[in-house]
Amino acid sequence: MSDADSNKTEPEQQSSLRATRRSFIKGAIASGVAVSAVGYVVYERSGRRAAAGAVERLITLNVNGRDRRVDVAPHETLAHTIRYKLGLTGTKVSCNRSECGACTVMLDGITTYSCSTLTQSVRNRKVTTIEGIAGPNGGLHKVQQAMIDELGPQCGFCTSGQVVAAVALLNHNPKPTLEEARRGMSGNLCKCGAYDHYLKAVMRAAEA
Amino acid sequence: MAIEHKLIGKDFIVPDIEAKVTGRAKYVEDFRADNMVFCKSLTSPIPHAKIRSIDTSAALKMPGVLGILTADDVPQFPPPAQGIFAKDETFYIGEPILAIAADTEENAVAAIEAVKIDFQELPHVVDPLESLFPGGPNARSGGNVAAGQIKLQTVKWEGADFATAGDTKMPLGRPAEEWTYGDPDAGFKKAKVIIEENFVSGTYSHNCMETRSAFSYWQGGKCFLYGSNQSQTAAIANISRYIGIKPNQLVFIAEYCGGGFGSKIPGYPNMAIAALMSKKINRPVMHTISRYEEYGIGSARPGFQGYIKMGFAPNGKMLAADLYVVQESGPMATAGDFRAAGAAMSMVYQPESMRFRTVPVLTNTVPVGAQRGPGENQFVAVIEPMLDKAARQLNIDRFDIRIINAPDSNGKIGHDRAPLTSAFLKDALAKLKTFSNWDERKKRSGQKNGTKLTGIGIGQGYHSAGSNGFDGLLRITPDGKLHVHTGVGNLGTHSWASTARVAPDLLNVSWDNVVIERGDTRRGLPFNSPQAGSLTASTESRTMYAAAMDMKDKLTDIAAQMLGGKAEEYELGEEKVIHKGGGKSVTYGQVAQKAMELGGKYSGKEMPDELNPVTKSAVAVIAGSGLIAAVKDKLPRVGTTPGLTCNVAEVEIDSETGVVEVKECMSVVDVGTVLFPLGLGHQIASGQIMGIGMAHLERHIYDPKLGIPAAVGFHQGKVPTYLDIPPNITWQAVEKPDPQHPLGIKGVGEPALGSGASAITSAIADALGGHLFNRTPVTADMILNHLSGRPPAHKPLQVNTV
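Pasting the structure below:
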């Protein structure tokens, strides 16, 4: 069967607005050109503005194996940059304060909360987001396949972070015990309570 | 019809799951549009105040500001309903008062900070009993009690009510509602053992991972709204009401929902802000909600302060019950949990007689609402350990006291003792007793190993878990595809997908030839059940059944017209209609082509008048594009359809730290026919995990003097983590079909949490020699104080404590 929404992220019925949004994201991804017209706040209630000067704003980031030129404010978080300037919306922001792990990405293979990491601080590091997670043939990573087979997600909002955390865990510890997996994943919250199925998926992926 | 099911009862890969594990699934804040601008709300910093004046002059001159929306710009709802903005009076910290749009989110925030509001502080209250005290503060100028049919009024109890009760007992003043069945006084007289306790159920946030941001624009006179919502078509009427438009003016896109748990069932007032701001400034508007703002408007489970008295016969049968529930209702009349607690008492324990009294009290805390098992679950979590106390005093087994009281299919519910469609809780308990190896396991009860105390608990859960009367919509297109149109939302329970498998199963269509149409009203989505109340699996599988029967009739009818003979002479083969005599057949695709030529009822050009207007709009969208079955489920159902679950949990308590470690959890469920085993298992496990949260972790904290919330994030609210769950959660199902459902299916979502939570609270009590805290959550410091002989840090009926 097919699910109209999962196979096509855009509704079949195009509106000019949708088409524009898609071309915006496509453009940002394909060209790697920074798009500065997006204006989410980085910190809640901050009202703070970037001090002019001080830091070079146009920087190169290595994201998912590719160099990207981006215009980055000094106080800008990595979650903000990858979601709203690079169009990589798989990374989610939920707590925006290092509590939940929905924004988990890897920096040089180590997980970090991108909501609380300044983009300016990751210039010389390799950033891996959920969009950069794949199997050896470019298909699904074994963690993703295991999460499908074990019915890992419920609502799915924390899932990107869970997948990135699980991949990082298995990269460092390919055959974790259940207790090690539990601890390795414990920086990622799931309010649906899907932990049991996520853990089963991590253990299945370790066997794959 | 297919007797051997090819899809129903079988595991499958849920169609949207790949999008979730790859990050391709789009939630509200992932959408953008050209010229999109941002909108932020100004929220109240004061728990209760008159708004004397608002000065936006400086804010509107700020850079990038495009417009403002206040209470004067939005539809009004009579108090104490939850409106979109506070108008003259604000009732809680975090209540939206106005919103400002600007070119960037930063500019919107800066403008919000430049708004000046002159507040006149009013007395506030965060404890219902304090509001009921003579002369106590009211959460609203108009009164302190309201809910549903209980109109806004002021209720103060007598000083004598409080004086008699003292500090340790629940005062029992005048209720707002009460009912009785049987003769409780006579029952208590006959009882061998009477248990009489006070209790507190803590309030706690829904804490959805996705905050309720909304995105909207207008096109061709229609409002396009991208929302995070549990329900799809069931929410359309309500969301339209918030925006002030007709339902057919709303295009509602809700393909994914990052958590709801009851807080996003029929839409919510906040959704209208993006829509109305967009209309006002004629730009696409993204209204973002931060985690802090989500605490304010994201709903919470109401708390209870309660009194319970139960009288038991020597064999454990409950002869009488007397229950009083005071509900901490937040400032709006948004939750009916108190009534559900009374119904749950009458249902789970089937007392021979019962009196129920209740009063829902308004408080200057965040608005509360349904959360997974609203009323039933926080109730069983405090009551189940009391059953163990009765069992000990009667010297009977803890399973036996539950089995003797549990409902069977002759059980009744509520004060009018209404019937049930089926109930197999006795069977479930008996099965769980074996499954949990109870006779061996209970020997570990209270064992001490070093600093660790072992506790074994049993819990039960109930929620109604099936409804009827919704519309089914199926379409076969000339390419032979079966389009399953579903108006069910995508909460994450996967039931939109499992129920979508019913029609292809019954119509003998391969799953590969199914197209599911959902998530966007433009796809033609029928009026279906809210994705809530454990309803979807049962309700929408019967809706699909009804639609499949209609489709079958139309397939055979048209086949007879095409090939000759009567419709009854035809049957359904694999995606074709076959003459029973053999030989002649026609494919579904060919029939669909013929249906388009025939028109009328076959192609959706005509439809039954009894369909919901939402469904009629949906049929109009797809009319003429194939063979269409659009039908209302009129299959009979008399009585409440209960979902029933029971759990055993084993815990270890560290006597030096008070920390509870959950070691093992087992569950047996009465959900009728199992529709999707993997999905059912997931609901059971996640219910157990959320139950762990309710039992000993999650809570609200309010400063009683200042009314300031202190548990506003995941960490402070103590959401369960991977480290709080047991290594293995196992389950079995009774698998007795419900006789009033064409496929025997009942739901499970909510009871799984109640039985999970109550098994933990019972296990904690068991580890401590039967000590009752009569409170959720049971926190480590409560346990430590108890073990070291110190009094608790809170008064017995105090709420919102650390």
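Residue numbers (our numbering), protein chains in the order written: chain A, -18 to 189; chain B, 9 to 810.
Glycine included, C-beta positions come from ideal geometry on N, C-alpha and C.
Practice prompt. Determine which residues share a DSSP beta bridge with LEU652 (chain B) and list them.
Written response: Paired residues: B:TYR470, B:ASP678.
Worksheet item: Is SER796 (chain B) buried or exposed, if buried means 16 or more other CB atoms sit within 10 Å of its CB?
Response: Counting the other Cβ atoms within 10 Å of the Cβ of SER796 (chain B) gives fewer than 16, which makes it exposed.
Discussion item. Only counting the same chain, and skipping five residues up and downstream in sequence, which positions put a Cβ closer than 8 Å to that of ILE63 (chain A)?
Written reply: The residues are VAL44, LEU69, THR72, VAL86, SER95, VAL108, THR110.
Worksheet item: Is any beta-carbon of chain A found at less than 8 Å from that of PHE7 (chain B)?
Response: Outside the displayed span of chain B (9 to 810) sits residue 7 (chain B), for which this structure offers no information.
Worksheet entry | Start-to-end residues for the beta strand (DSSP E) that takes in LYS159 (chain B) | Note, LYS159 (chain B): beta strand (DSSP E), 158 to 161.
Discussion item. Can you give me the C-alpha to C-alpha distance between ARG452 (chain B) and GLN468 (chain B), rounded to a whole angstrom?
Written reply: Distance between the alpha carbons of ARG452 (chain B) and GLN468 (chain B): 21 Å.
Discussion item. Am I right that CYS265 (chain B) and GLN238 (chain B) are in contact with their C-beta atoms under 8 Å? What's the rounded C-beta distance?
Written reply: With 8 Å as the limit, CYS265 (chain B) and GLN238 (chain B) qualify as a contact, their Cβ atoms being about 6 Å apart.
Worksheet item: Over what stretch of residues does the beta strand (DSSP E) that includes ASN43 (chain A) continue unbroken?
Response: Segment 39 to 44, the beta strand (DSSP E) holding ASN43 (chain A).
Worksheet item: What are the boundary residues of the beta strand (DSSP E) that includes LYS56 (chain A)?
Response: For the sequence presented, residue 56 (chain A) should be read as His rather than Lys. No beta strand (DSSP E) holds HIS56 (chain A); DSSP gives it neither H nor E.
Worksheet item: What does DSSP give as the partner residues of CYS139 (chain A) in its beta bridges?
Response: Answer is none; CYS139 (chain A) lacks a bridge partner.
Discussion item. What ranges does the alpha helix (DSSP H) occupy inside the stretch 280 to 355 of chain B, keeping only unbroken runs of at least 4 residues that lie completely in it?
Written reply: Within the stretch 280 to 355 of chain B, the complete alpha helix (DSSP H) runs of at least 4 residues are 299 to 305.
Discussion item. Please tell me whether CYS96 (chain A) has its Cβ less than 8 Å away from any Cβ of chain B.
Written reply: No, CYS96 (chain A) does not count as interfacial toward chain B.
Discussion item. I'd like to know whether the C-beta of MET166 (chain A) is nearer than 8 Å to at least one C-beta of chain B.
Written reply: It does: the Cβ of MET166 (chain A) has a partner Cβ on chain B nearer than 8 Å.
Item to complete: Could you have a look at PHE364 (chain B) and say whether DSSP puts it in helix, strand or coil?
Response: Strand at PHE364 (chain B).
Practice prompt. Below 6 Å CB to CB, which residues in the same chain sit around SER503 (chain B) once its five sequence neighbours on both sides are set aside?
Written response: Leaving aside the five residues that flank SER503 (chain B) on each side, the residues in its chain whose CB is nearer than 6 Å to its CB run, in chain order, THR544, ALA545.
Practice prompt. Please confirm whether MET355 (chain B) and CYS136 (chain A) have their CB atoms less than 8 Å apart.
Written response: Not in contact: MET355 (chain B) and CYS136 (chain A) (Cβ atoms no closer than 8 Å).
Worksheet item: What is the rounded straight-line gap between the Cα of PHE39 (chain B) and the Cα of ILE261 (chain B)?
Response: When the Cα atoms are used, PHE39 (chain B) and ILE261 (chain B) turn out to be separated by approximately 11 Å.
Worksheet item: By DSSP, does LEU795 (chain B) sit in helix, in strand, or in coil?
Response: In the structure shown, LEU795 (chain B) sits in a helix (DSSP, three-state: H, G or I).
Worksheet item: Excluding sequence positions up to five away, which residues of its chain have a Cβ less than 6 Å from the Cβ of THR190 (chain A)?
Response: Chain A is shown only over -18 to 189; residue 190 (chain A) falls outside these bounds and no answer can be derived.
Discussion item. So with CB distances below 8 Å, who are the chain A contacts of TYR303 (chain B)?
Written reply: In chain order: nothing, as chain A lies at least about 11 Å away.
Discussion item. Just checking: is the beta-carbon of ALA33 (chain B) within a distance shorter than 8 Å of some beta-carbon in chain A?
Written reply: Chain A has a Cβ within less than 8 Å of the Cβ of ALA33 (chain B).
Fill in: Per DSSP, the bridge partner or partners of ALA552 (chain B)
Reading the sequence as shown, one finds Met at residue 552 (chain B) and not Ala. In the DSSP output, where bridge partners are listed per residue, MET552 (chain B) has none listed.
Item to complete: Check the C-beta distance from LEU635 (chain B) over to TYR610 (chain B) and give it rounded, since I have them as a contact under 8 Å.
Response: About 6 Å separates the Cβ atoms of LEU635 (chain B) and TYR610 (chain B), confirming a contact at the 8 Å cut-off.
Fill in: Endpoints, beta strand (DSSP E) assigned at MET178 (chain B)
Per DSSP, MET178 (chain B) belongs to no beta strand (DSSP E) and is neither H nor E.
Item to complete: Give a yes or no on whether the minimum CB-CB distance between GLU672 (chain B) and chain A is below 8 Å.
Response: Contact of GLU672 (chain B) with chain A is not assigned, every C-beta pair being separated by 8 Å or more.
Worksheet item: Under 7 Å Cβ-Cβ, which residues of chain A neighbour CYS216 (chain B)?
Response: Going along chain A in sequence order, the residues near CYS216 (chain B) (Cβ under 7 Å) are LYS172.
Worksheet item: When DSSP labels each residue in this structure, what does THR529 (chain B) get in the three-state scheme?
Response: Note: THR529 (chain B) maps to helix in three-state DSSP.
Discussion item. For a test of the three-state rule: what should DSSP assign to THR172 (chain B), helix, strand or coil?
Written reply: In the structure shown, THR172 (chain B) sits in a helix (DSSP, three-state: H, G or I).
Discussion item. Give me the DSSP bridge partner(s) of GLU129 (chain B).
Written reply: For GLU129 (chain B), which the question treats as bridged, DSSP gives the partners B:ALA57.
Worksheet item: Hey, how far is the Cα of ALA189 (chain A) from the Cα of ILE692 (chain B)?
Response: When the Cα atoms are used, ALA189 (chain A) and ILE692 (chain B) turn out to be separated by approximately 26 Å.
Practice prompt. Please check the pair ILE59 (chain B) and THR98 (chain B), which I expect to be a contact at CB under 8 Å, by giving their CB distance rounded to whole angstroms.
Written response: Yes, ILE59 (chain B) and THR98 (chain B) are in contact; Cβ-Cβ is about 6 Å, under 8 Å.
Worksheet item: Between LYS156 (chain A) and ALA186 (chain A), which are expected to be in contact by the criterion C-beta below 8 Å, what is the C-beta distance as a whole number of angstroms?
Response: That pair is no contact at about 11 Å.
Worksheet item: On the premise that VAL123 (chain B) lies in contact with THR64 (chain B), defined as a C-beta separation below 8 Å, what is that separation, rounded to the nearest angstrom?
Response: Sure, about 5 Å apart at Cβ, within 8 Å.
Item to complete: Give the residues from the stretch 538 to 553 of chain B that approach chain A closer than 7 Å (Cβ to any Cβ), ordered along the chain.
Response: Answer set for the stretch 538 to 553 of chain B: empty.
Worksheet item: Counting only beta-carbon atoms, is GLY480 (chain B) nearer than 8 Å to chain A?
Response: Taking Cβ atoms only, chain A never reaches closer than 8 Å to GLY480 (chain B), which makes this a no.
Fill in: For VAL679 (chain B) and ALA741 (chain B), believed in contact at Cβ under 8 Å, the rounded distance
Taking a contact as a CB-CB distance under 8 Å, the pair ALA741 (chain B) and VAL679 (chain B) counts as one, their CB atoms being some 6 Å apart.
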